[in-house]
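Residues in the sequence shown are numbered consecutively from 607, following the numbering used here.
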Amino acid sequence: MKGKVKIVTNGLLKENPSLRLVLGTCPTLALTTLAVNGLGMGLAATFVLICSNMAISALRKIIPDKVRLPAYITVIAAFVTILQMIVQAYLPSLDAALGIYLPLIVVNCIILGRAEMFASKNGVLDSALDGLGMGLGFTLTLLVMGSIRELLGAGSVFGFPVFDSLFAALGLEMTFEPMTVLITPPGGFFVFGCLMALVIWIETKTNNRIQRKMGCEGCPAHGACSGCDKAEKGGAAA
(Lines of atoms letter the chains of each structure in order from A and count residues from 1; the text may use other names and numbers.)
(Lines give C-alpha, C1' and ligand atoms only; values in the text may rest on other atoms or scores of the structure.)
Protein backbone atom coordinates (compact mmCIF):
# COMPACT_ATOMS: atom_id res chain seq x y z
CA MET A 1 0.00 0.00 0.00
CA LYS A 2 2.84 2.37 0.84
CA GLY A 3 4.32 1.71 -2.58
CA LYS A 4 1.08 2.77 -4.27
CA VAL A 5 0.89 5.96 -2.21
CA LYS A 6 4.52 6.75 -3.04
CA ILE A 7 3.82 6.44 -6.75
CA VAL A 8 1.02 9.02 -6.48
CA THR A 9 2.87 11.46 -4.21
CA ASN A 10 6.09 11.22 -6.22
CA GLY A 11 4.78 13.66 -8.81
CA LEU A 12 3.60 16.24 -6.31
CA LEU A 13 7.00 17.48 -5.18
CA LYS A 14 9.97 15.11 -5.48
CA GLU A 15 9.55 14.62 -9.24
CA ASN A 16 7.07 17.37 -10.01
CA PRO A 17 7.01 17.39 -13.83
CA SER A 18 7.17 21.18 -14.10
CA LEU A 19 9.15 22.34 -11.09
CA ARG A 20 11.64 19.47 -10.72
CA LEU A 21 11.85 17.78 -14.13
CA VAL A 22 11.19 21.06 -16.01
CA LEU A 23 8.86 19.41 -18.53
CA GLY A 24 5.81 20.91 -20.19
CA THR A 25 7.04 24.47 -19.65
CA CYS A 26 5.31 25.86 -22.76
CA PRO A 27 1.70 25.49 -21.47
CA THR A 28 2.95 26.19 -17.94
CA LEU A 29 4.13 29.66 -18.94
CA ALA A 30 1.57 30.43 -21.64
CA LEU A 31 -1.71 29.43 -19.96
CA THR A 32 -1.22 30.57 -16.36
CA THR A 33 -2.30 34.18 -16.82
CA LEU A 34 -5.62 33.06 -15.29
CA ALA A 35 -6.17 30.44 -12.59
CA VAL A 36 -9.08 28.85 -14.44
CA ASN A 37 -6.94 28.30 -17.53
CA GLY A 38 -4.23 26.61 -15.48
CA LEU A 39 -6.75 24.38 -13.74
CA GLY A 40 -8.42 23.43 -17.02
CA MET A 41 -5.14 22.58 -18.72
CA GLY A 42 -3.93 20.59 -15.71
CA LEU A 43 -7.08 18.48 -15.53
CA ALA A 44 -7.02 17.89 -19.28
CA ALA A 45 -3.41 16.68 -19.12
CA THR A 46 -4.23 14.50 -16.09
CA PHE A 47 -7.03 12.77 -18.00
CA VAL A 48 -4.73 12.01 -20.92
CA LEU A 49 -1.91 10.92 -18.60
CA ILE A 50 -4.05 8.39 -16.76
CA CYS A 51 -5.76 6.98 -19.86
CA SER A 52 -2.64 6.78 -22.03
CA ASN A 53 -0.56 5.28 -19.23
CA MET A 54 -3.14 2.55 -18.69
CA ALA A 55 -3.47 1.78 -22.40
CA ILE A 56 0.28 1.72 -23.03
CA SER A 57 0.88 -0.45 -19.98
CA ALA A 58 -1.76 -2.93 -21.15
CA LEU A 59 -0.22 -3.05 -24.64
CA ARG A 60 3.44 -2.91 -23.61
CA LYS A 61 4.14 -6.60 -24.32
CA ILE A 62 2.72 -6.53 -27.84
CA ILE A 63 4.10 -3.19 -29.08
CA PRO A 64 7.33 -3.83 -31.04
CA ASP A 65 10.29 -1.99 -29.53
CA LYS A 66 11.29 -0.41 -32.84
CA VAL A 67 7.96 1.37 -33.27
CA ARG A 68 7.14 2.02 -29.62
CA LEU A 69 7.35 5.85 -29.82
CA PRO A 70 5.02 6.16 -32.86
CA ALA A 71 2.68 3.70 -31.14
CA TYR A 72 2.72 5.74 -27.92
CA ILE A 73 1.97 8.95 -29.81
CA THR A 74 -0.92 7.25 -31.63
CA VAL A 75 -2.43 6.11 -28.32
CA ILE A 76 -1.97 9.56 -26.76
CA ALA A 77 -3.46 11.26 -29.84
CA ALA A 78 -6.57 9.08 -29.59
CA PHE A 79 -7.26 10.18 -26.01
CA VAL A 80 -6.48 13.83 -26.82
CA THR A 81 -8.99 13.70 -29.68
CA ILE A 82 -11.66 12.29 -27.35
CA LEU A 83 -10.85 14.95 -24.76
CA GLN A 84 -10.96 17.75 -27.32
CA MET A 85 -14.38 16.69 -28.61
CA ILE A 86 -15.76 16.56 -25.05
CA VAL A 87 -14.36 20.00 -24.18
CA GLN A 88 -15.65 21.52 -27.43
CA ALA A 89 -19.11 20.08 -26.78
CA TYR A 90 -19.54 20.90 -23.10
CA LEU A 91 -16.93 23.57 -22.24
CA PRO A 92 -16.58 25.79 -25.32
CA SER A 93 -15.24 28.71 -23.29
CA LEU A 94 -12.43 26.55 -21.92
CA ASP A 95 -11.71 25.24 -25.40
CA ALA A 96 -11.37 28.82 -26.64
CA ALA A 97 -9.13 29.75 -23.69
CA LEU A 98 -6.78 26.78 -24.12
CA GLY A 99 -6.69 27.18 -27.89
CA ILE A 100 -3.92 25.33 -29.70
CA TYR A 101 -2.46 24.05 -26.42
CA LEU A 102 -5.27 21.52 -26.01
CA PRO A 103 -4.48 19.48 -29.17
CA LEU A 104 -0.76 20.00 -28.47
CA ILE A 105 -1.12 17.74 -25.44
CA VAL A 106 -0.34 15.00 -27.99
CA VAL A 107 3.31 16.08 -28.02
CA ASN A 108 3.52 17.15 -24.38
CA CYS A 109 6.83 15.74 -23.16
CA ILE A 110 5.36 14.93 -19.73
CA ILE A 111 2.90 12.44 -21.21
CA LEU A 112 5.30 10.86 -23.68
CA GLY A 113 8.00 10.78 -21.01
CA ARG A 114 5.82 8.90 -18.52
CA ALA A 115 4.77 6.46 -21.24
CA GLU A 116 8.41 5.68 -22.06
CA MET A 117 9.77 5.83 -18.52
CA PHE A 118 7.02 4.22 -16.45
CA ALA A 119 3.96 2.85 -18.26
CA SER A 120 5.99 0.72 -20.67
CA LYS A 121 7.67 -1.06 -17.75
CA ASN A 122 4.94 -1.38 -15.09
CA GLY A 123 1.45 -2.80 -14.58
CA VAL A 124 -1.81 -1.07 -15.44
CA LEU A 125 -2.71 -0.04 -11.86
CA ASP A 126 0.72 1.39 -11.06
CA SER A 127 0.75 3.20 -14.40
CA ALA A 128 -2.66 4.72 -13.67
CA LEU A 129 -1.43 5.88 -10.25
CA ASP A 130 1.70 7.33 -11.82
CA GLY A 131 -0.41 9.25 -14.33
CA LEU A 132 -2.62 10.51 -11.51
CA GLY A 133 0.35 11.66 -9.41
CA MET A 134 2.14 13.39 -12.27
CA GLY A 135 -1.12 14.95 -13.43
CA LEU A 136 -1.91 16.27 -9.97
CA GLY A 137 1.61 17.70 -9.67
CA PHE A 138 1.26 19.40 -13.05
CA THR A 139 -2.22 20.69 -12.20
CA LEU A 140 -1.08 22.01 -8.82
CA THR A 141 1.80 23.91 -10.45
CA LEU A 142 -0.46 25.47 -13.08
CA LEU A 143 -3.10 26.36 -10.50
CA VAL A 144 -0.63 28.00 -8.12
CA MET A 145 1.09 29.91 -10.91
CA GLY A 146 -2.22 31.00 -12.41
CA SER A 147 -3.57 32.14 -9.04
CA ILE A 148 -0.44 34.15 -8.22
CA ARG A 149 -0.27 35.80 -11.63
CA GLU A 150 -3.99 36.57 -11.75
CA LEU A 151 -4.09 37.84 -8.16
CA LEU A 152 -1.13 40.20 -8.44
CA GLY A 153 -1.52 40.95 -12.13
CA ALA A 154 -5.27 41.59 -12.20
CA GLY A 155 -6.37 41.67 -8.55
CA SER A 156 -8.65 38.66 -8.86
CA VAL A 157 -8.68 34.87 -8.59
CA PHE A 158 -11.08 32.86 -10.80
CA GLY A 159 -12.55 36.23 -11.77
CA PHE A 160 -13.40 37.21 -8.18
CA PRO A 161 -12.02 40.69 -7.29
CA VAL A 162 -10.12 39.73 -4.14
CA PHE A 163 -8.47 43.01 -3.21
CA ASP A 164 -11.42 45.27 -4.06
CA SER A 165 -13.75 43.05 -2.05
CA LEU A 166 -11.31 43.02 0.85
CA PHE A 167 -10.95 46.80 0.86
CA ALA A 168 -14.73 47.21 0.71
CA ALA A 169 -15.21 44.78 3.62
CA LEU A 170 -12.71 46.75 5.70
CA GLY A 171 -14.36 50.03 4.81
CA LEU A 172 -11.26 51.35 3.08
CA GLU A 173 -11.54 53.71 0.15
CA MET A 174 -8.67 52.15 -1.74
CA THR A 175 -8.20 50.51 -5.10
CA PHE A 176 -5.66 47.87 -6.02
CA GLU A 177 -3.14 48.79 -8.69
CA PRO A 178 -2.34 45.51 -10.48
CA MET A 179 1.22 44.58 -11.42
CA THR A 180 0.37 43.86 -15.04
CA VAL A 181 3.91 42.70 -15.76
CA LEU A 182 3.02 39.40 -14.04
CA ILE A 183 0.52 38.50 -16.76
CA THR A 184 3.13 39.04 -19.47
CA PRO A 185 5.70 36.41 -20.57
CA PRO A 186 8.51 37.89 -18.41
CA GLY A 187 6.17 37.73 -15.41
CA GLY A 188 5.49 34.08 -16.14
CA PHE A 189 9.20 33.27 -16.12
CA PHE A 190 9.64 35.23 -12.88
CA VAL A 191 6.86 33.37 -11.03
CA PHE A 192 8.03 30.03 -12.46
CA GLY A 193 11.57 30.68 -11.22
CA CYS A 194 10.31 31.70 -7.76
CA LEU A 195 8.29 28.49 -7.43
CA MET A 196 11.25 26.37 -8.50
CA ALA A 197 13.40 28.12 -5.88
CA LEU A 198 10.70 27.51 -3.27
CA VAL A 199 10.62 23.78 -4.04
CA ILE A 200 14.41 23.57 -3.76
CA TRP A 201 14.27 25.44 -0.44
CA ILE A 202 11.62 23.03 0.90
CA GLU A 203 13.71 20.03 -0.18
CA THR A 204 16.78 21.50 1.49
CA LYS A 205 14.97 22.26 4.75
CA THR A 206 13.44 18.77 4.88
CA ASN A 207 16.76 17.07 3.98
CA ASN A 208 15.28 15.67 0.78
CA ARG A 209 17.51 17.59 -1.60
CA ILE A 210 19.03 15.34 -4.25
CA GLN A 211 22.30 16.46 -5.83
CA ARG A 212 21.94 15.36 -9.44
CA LYS A 213 24.99 14.48 -11.51
CA MET A 214 25.64 15.71 -15.01
CA GLY A 215 24.89 13.58 -18.07
CA CYS A 216 22.77 10.42 -18.11
CA GLU A 217 23.42 9.68 -14.44
CA GLY A 218 21.83 12.97 -13.45
CA CYS A 219 18.67 12.39 -15.46
CA PRO A 220 15.57 11.40 -13.43
CA ALA A 221 14.86 8.79 -16.10
CA HIS A 222 18.26 7.12 -15.72
CA GLY A 223 17.87 3.36 -15.74
CA ALA A 224 14.46 3.52 -17.38
CA CYS A 225 15.59 5.12 -20.63
CA SER A 226 16.71 2.73 -23.34
CA GLY A 227 19.38 5.21 -24.38
CA CYS A 228 21.25 4.95 -21.09
CA ASP A 229 22.76 1.54 -21.83
CA LYS A 230 23.80 2.65 -25.30
CA ALA A 231 25.45 5.79 -23.93
CA GLU A 232 27.29 3.85 -21.24
CA LYS A 233 28.47 1.20 -23.71
CA GLY A 234 29.60 3.90 -26.11
CA GLY A 235 31.58 5.61 -23.34
CA ALA A 236 33.17 2.33 -22.29
CA ALA A 237 34.16 1.56 -25.86
CA ALA A 238 35.76 4.97 -26.27
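The C-beta atom is built at its ideal place from N, Cα and C for all residues, glycine as well.
Computed from a prediction, not measured in an experiment: that's the story for all the values here.
query	result
CA-to-CA distance, Phe-764 to Glu-779, given in whole angstroms	24 Å
Endpoints, alpha helix (DSSP H) assigned at Ile-682	674 to 696
Ile-656, enclosing alpha helix (DSSP H) - first and last residue	641 to 665
Integer Cβ distance of Gly-729 from Ile-656, believed to fall under 8 Å	With 8 Å as the limit, Gly-729 and Ile-656 do not qualify as a contact, their Cβ atoms being about 14 Å apart.
Contacting residues, own chain, Cβ-Cβ under 6 Å from Asp-671 (five flanking each side not counted)	none
Proximity winner among Gly-719, Leu-645 and Thr-786, relative to Leu-675 (alpha-carbon distances)	Gly-719
Pro-791 - containing alpha helix (DSSP H), residue span	791 to 811
CB-CB length for Val-686 against Val-712, believed under 8 Å	5 Å
Where Asn-813 falls, given that 16 or more other Cβ within 10 Å makes a residue buried	exposed
Beta-carbon proximity check, Val-654 vs Leu-735, cutoff 8 Å	no
Three-state class that DSSP yields for Val-750 in the structure shown	helix
Buried or exposed by the 16-neighbour rule on C-beta atoms within 10 Å, applied to Val-611	exposed
Exposure of Glu-783, with buried meaning 16 or more beta-carbon neighbours within 10 Å	exposed
Spatial distance of Thr-790 from Ala-664 (CA atoms)	42 Å
Distance CB(Pro-709)-CB(Gln-694) smaller than 8 Å	no
When Ile-808, Gly-799, Thr-810 and Ala-650 are compared against Ser-624, the one with the closest alpha-carbon	Gly-799
Test item: CB-CB of Asp-770 and Thr-786 under 8 Å	no
Per DSSP, the bridge partner or partners of Pro-767	Ser-762
Rounded C-alpha distance that separates Gly-648 from Thr-810	27 Å
Inter-residue CB distance, Gly-759 and Gly-793 (contact presumed, cutoff 8 Å)	7 Å
Where Met-723 falls: helix, strand or coil (DSSP)	helix
Cβ neighbour criterion (16 or more within 10 Å) applied to Ala-803	exposed
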